[in-house]
Amino acid sequence: PQAPSAPTSAAPVAPDAEAIRAEERRRSADIMALCRRAGFADMADDLIGRGVSIDDARAAVLDKLVENDPAGRTVEPAPAQARGDGAAEIAYRDDVSNALLHRHNPGAHALEAGSREFRGLTLLEMARHAIERRGGSTRGLSKMEVARAAFEQRATGHHATSDFPAILANVANATLRQAYASTPRTFGAWARRATITDFKPVQRTQLGGAPDLQKVLESGEFQYGTIGEGREVYALATYGRIVAITRQVLINDDLDAFTRLPASFGASAADLESDIVYAILMQNPAMGDGKTLFHADHGNQGTASIISESALASAYRAFGQQKALEDRLISILPRWILTPPGPRAVEARKQVTATTPGSTAEVNTFSGRLEVIEEPRLIPASGQDPWFLAADPARIDTIEYAYLDGQEGVFTETRTGFEVDGLEIKARHDFAAKAIDWRGLYRNPGAAPS
């Protein structure tokens, strides 16, 4: 008998059939998105039906754009219109920026729901995502070519405009401003803040008190009085640096290169403000009357001493003897005592701290009357540590610090690099400070601690 034949099996499915179908779906979706952005949605079915590649579809769309432009210009779809009104673009950039900020400093930046899909991506993977999201293709590109495409501003060939420069700028700007805001500036308590509208020299007028009231006899006339004034002049100055984010940063996945460096610039801007303000106290510049800020004729220069009860009593007396411009006594008292850290700060705190004395001789006379501010910039290059007293700037001018109107703090601008191969972030800071009135300030050059 003849042996039964082996059962026949169904014809095997080609192993790459599913991949081919996935590629076709991707091609169709890319062409439809490209045509919608260009405003030629009716072209999509024809291009998909004819089986043209995505690169050929881009060429056909560009040809159609040129054909429809009467001036013969080369036109490309506006990036902000790629997803409706632009809200989705902003949300996308914010989500990727948040993922990067969380990776940089998880304690300061909580990972938001929309950022979770990006948390595990490298910088280069985020760059690829940004390019392809705009309809670009990174297939076959080397790492360096992807990095270059991520920084491009306009669509050229098969490279489309990328959101990535804006994302990097968001992250750098956030870290810079956060570092600027978190850097301590002790002068804010005792100095007066102002805003200036331009870079022209501004005049600050020292107004005297109102003139003395005079007795008016029956049927007598009221007499006019005048208010004396003095003037101090200063102007804003601009400070700035440029931070560069290169293609190598993306390829090396060097997140610190554009987070810690901008942060250091932000801290430097805040430190610059403190340097400028406290240099006025330490350098004792000339005022509008030709005399230095702290001068015997100004009545605000004490005899060298440690911070003691008697030294503070002398300082309070000096404040009490200050006169307005019309030579009338004014009523101002110090509120802050400024010292460098170290023995001088210890002396100050001992004088102003409340205690439980055993006798009147042990009473801290100045307890609760002064607030201590320690500032390292008051440490002199040589000699004894000085100390200062400052009145409330709401009562009388002391030192005024100013920003440019509308740009208070560090202002940043970005552009695709020309001098460097990548993204440039420029940090600019407009700031100035000037002593306005000596009557609210007092200086003691200090003596050796006892």
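This note's numbering puts the sequence shown at residues 485 to 934.
We put the CB at the ideal spot given by N, CA and C, even for glycine.
- Contact check between the stretch 916-932 and the stretch 803-817: three or more CB pairs, one atom from each, fall below 8 Å, which counts as touching.
- In the structure shown, D773 adopts coil according to DSSP, grouped into three states.
- Rounded to whole angstroms, the separation of the alpha carbons of D773 and S666 is 38 Å.
- For the pair A611 and F915, the Cα-to-Cα distance works out to about 36 Å.
- Uninterrupted beta strand (DSSP E) stretches at least 3 residues long and entirely within the stretch 529-553 do not occur.
- For L907, the uninterrupted beta strand (DSSP E) run begins and ends at G906 to A919, by DSSP.
- For R744, the enclosing alpha helix (DSSP H) begins and ends at R744 to Q767.
- Proximity to V727 across A747, D889, K684 and E884 peaks at A747, based on C-alpha coordinates.
- One Cα belongs to L809, the other to H782, and the distance between them is close to 12 Å.
- Here DSSP, grouped into helix, strand and coil, assigns G598 to helix.
- Boundaries cannot be given for E892, as no alpha helix (DSSP H) includes it and DSSP labels it neither H nor E.
- Contact between P824 and D869 is confirmed by a C-beta separation of about 5 Å, below the 8 Å threshold.
- In the structure shown, the three-state DSSP call for E858 is strand.
- Using a Cβ distance threshold of 8 Å, T896 and K918 do not count as a contacting pair.
- If you compare the alpha carbons of A797, A658, L756 and N654 with that of I574, the shortest gap goes to N654.
- By the C-beta density criterion, G624 is exposed, having fewer than 16 other C-beta atoms within 10 angstroms.
- The alpha-carbon of K834 is positioned some 27 Å away from that of R879.
- Look at T722 here: in three-state DSSP terms it is strand.
- Under the 10 Å beta carbon count, I504 is surrounded by fewer than 16 other beta carbons and is classified as exposed.
- Beta-carbon to beta-carbon, R731 and D905 are separated by about 6 Å, close enough to satisfy the 8 Å threshold.
- Beta bridge pairing from DSSP links E884 with R676 and K918.
- For P818, there is no enclosing alpha helix (DSSP H); the enclosing beta strand (DSSP E) covers residues P818 to T823.
- Taking a contact as a CB-CB distance under 8 Å, the pair G620 and A633 counts as one, their CB atoms being some 7 Å apart.
- Under a 10 Å Cβ-count criterion, M628 is classified as exposed, with fewer than 16 other Cβ atoms of the shown protein chains found around its own Cβ.
- Closest option to E716, judged by alpha-carbon separation, among T689, F742, D737 and A571: T689.
- The secondary-structure analysis by DSSP pairs R688 across a beta bridge with E716.
- Bounds of the beta strand (DSSP E) holding F872 are W871 to A875.
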